[in-house]
Amino acid sequence: MNVPKPIAILETKIHPVRFGDVLRYIEHSVKNKHRAVLFPMNIHIFIELSKDSHFKHKHESANIIFCDGVPLIWLSKLKSLSLPERISGTNLTDALLMSDYRIFLLGSSNEVLEKMKKKYINICGTYSPPYATEWGNEENKKIIKRIHDSRADILLIGVGPLKQERWVVKYKNKIKTPIIIAVGSAFDILSGNNPRAPKIMQYLGLEWVWRILLEPKRLGYRYCKDSIAFFHTVYSILLSKIV
Numbered sequence: 749m750n751v752p753k754p755i756a757i758l759e760t761k762i763h764p765v766r767f768g769d770v771l772r773y774i775e776h777s778v779k780n781k782h783r784a785v786l787f788p789m790n791i792h793i794f795i796e797l798s799k800d801s802h803f804k805h806k807h808e809s810a811n812i813i814f815c816d817g818v819p820l821i822w823l824s825k826l827k828s829l830s831l832p833e834r835i836s837g838t839n840l841t842d843a844l845l846m847s848d849y850r851i852f853l854l855g856s857s858n859e860v861l862e863k864m865k866k867k868y869i870n871i872c873g874t875y876s877p878p879y880a881t882e883w884g885n886e887e888n889k890k891i892i893k894r895i896h897d898s899r900a901d902i903l904l905i906g907v908g909p910l911k912q913e914r915w916v917v918k919y920k921n922k923i924k925t926p927i928i929i930a931v932g933s934a935f936d937i938l939s940g941n942n943p944r945a946p947k948i949m950q951y952l953g954l955e956w957v958w959r960i961l962l963e964p965k966r967l968g969y970r971y972c973k974d975s976i977a978f979f980h981t982v983y984s985i986l987l988s989k990i991v
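This is the structure in structure tokens:
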């Protein structure tokens with residue numbers, strides 16, 4: 749199944765796909781045993797990739813990089829490009845878990861994963877990895893074996909950006925699961941551990957403000973830094989249009 753060609757926003761590639769396009773692509777890939785990787789793109793990932801051209805090239809090997817940030821839609825319009833809509837990783841996770849796929853969850857705490865298993869009946873395996881910047885060889889072998897033993901159709905990994913993407917890029921060829929998707933904090937939200945932002949804040953692209961209010965110590969500095977970098981980018985684009 750063909751995917752629209754990615755557009756480049758300041759040399760960072762994002763596929764102009766809609767929610768339904770992604771669901772159909774996943775269905776086709778699982779049915780035909782085609783392996784595919786899907787990554788979200790939000791402002792934090794966008795900013796971090798701009799600082800790491802080596803990993804950015806590897807990141808772009810994903811079959812679909814979907815827009816998971818309203819500010820990126822604004823940015824695309826400034827560049828006279830078109831990202832049709834935001835695809836929330838949390839909404840995508842929920843839709844897949846409500847389907848008939850066999851799904852393995854990698855990430856978050858055992859408490860959260862237990863709540864997820866009670867909520868969704870098609871979870872065929874879970875694993876809460878140890879907290880570390882990188883996992884050792886034995887741990888990675890253990891993770892991959894658990895995924896294989898589950899016979900999952902889809903692996904959802906939520907261990908935080910860009911750690912999850914780096915792990916997928918490194919180990920995707922050792923994983924037989926047809927679909928691998930990085931989903932960030934989706935497990936914590938869908939389990940009810942972290943309340944989700946009101947819909948109006950999601951619509952206005954202010955979900956990050958809500959997350960700062962929930963976890964100011966962990967996320968305050970990161971989101972403030974990203975916001976400054978983003979608005980500097982917007983200012984530069986606007987200035988180039990004037991000059």
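Per this note's numbering: the sequence shown ends with 991, consecutive numbering throughout. Glycine residues also receive a C-beta, built at the ideal position from the N, C-alpha and C atoms. Fair warning: this is a prediction, and the values are worked out from it, not measured in the lab.
| Asked | Found |
| --- | --- |
| Runs of alpha helix (DSSP H) wholly within the stretch 822 to 859 (minimum 4 residues, chain order) | 837 to 845 |
| Contained alpha helix (DSSP H) runs [length at least 4] in the stretch 870 to 920, N- to C-terminal order | 885 to 898, 911 to 919 |
| Residue interval of the beta strand (DSSP E) (run including F786) | One detail in the question is off: residue 786 reads as Leu in this sequence, not Phe. 784 to 789 is the span of the beta strand (DSSP E), which, as asked, contains L786. |
| Chain-order list of residues whose beta-carbon lies under 6 Å from that of L874 (same chain, five-residue window excluded) | As written in the sequence, residue 874 is Thr, which differs from the Leu given in the question. Only L853, L861 meet the Cβ criterion. |
| Closest by C-alpha distance to F814, when choosing among H805, D848, F767 | F767 |
| Given K947 as reference, the closest of A843, M846, E963, N839 once Cα atoms are compared | N839 |
| Contact check, I935 vs G855, beta carbons under 8 Å | The sequence given here places Phe at residue 935; Ile does not occur at that position. Going by C-beta atoms, F935 is nearer than 8 Å to G855. |
| Cβ-based neighbour list, S777, same chain, cut-off 7 Å, excluding 5 preceding and 5 following | A784, P926, I927 |
| Proximal residues to Y849 (C-beta, below 7 Å), its chain only, five neighbours per side dropped | V778, N870, D901, I902 |
| Which of helix, strand or coil DSSP assigns to T760 | strand |
| Three-pair Cβ contact test at 8 Å for the stretch 937 to 946 versus the stretch 883 to 893 | no |
| Rounded separation between G968 and D842 - CA only | 27 Å |
| Completely contained beta strand (DSSP E) runs for the stretch 909 to 976, where each covers 3 or more residues | 927 to 930 |
| Span separating the alpha-carbon of L952 from that of K827 | 20 Å |
| Assigned exposure category for D897 - 16 Cβ within 10 Å defines buried | exposed |
| Rounded separation between W956 and H980 - CA only | 18 Å |
| Through-space distance from W883 to G932, alpha-carbon basis | 17 Å |
| Host alpha helix (DSSP H) of E775 (start-end) | 767 to 779 |
| Identity of the residue in V765, M749, G837 nearest N790 by Cα | G837 |
| From S857, Y868, K924, residue whose alpha carbon lies closest to that of G908 | S857 |
| Sequence-distant residues of the same chain with beta carbon closer than 6 Å to N811, five excluded per side | A784, V785 |
| Distance, E963 Cα to L954 Cα | 15 Å |
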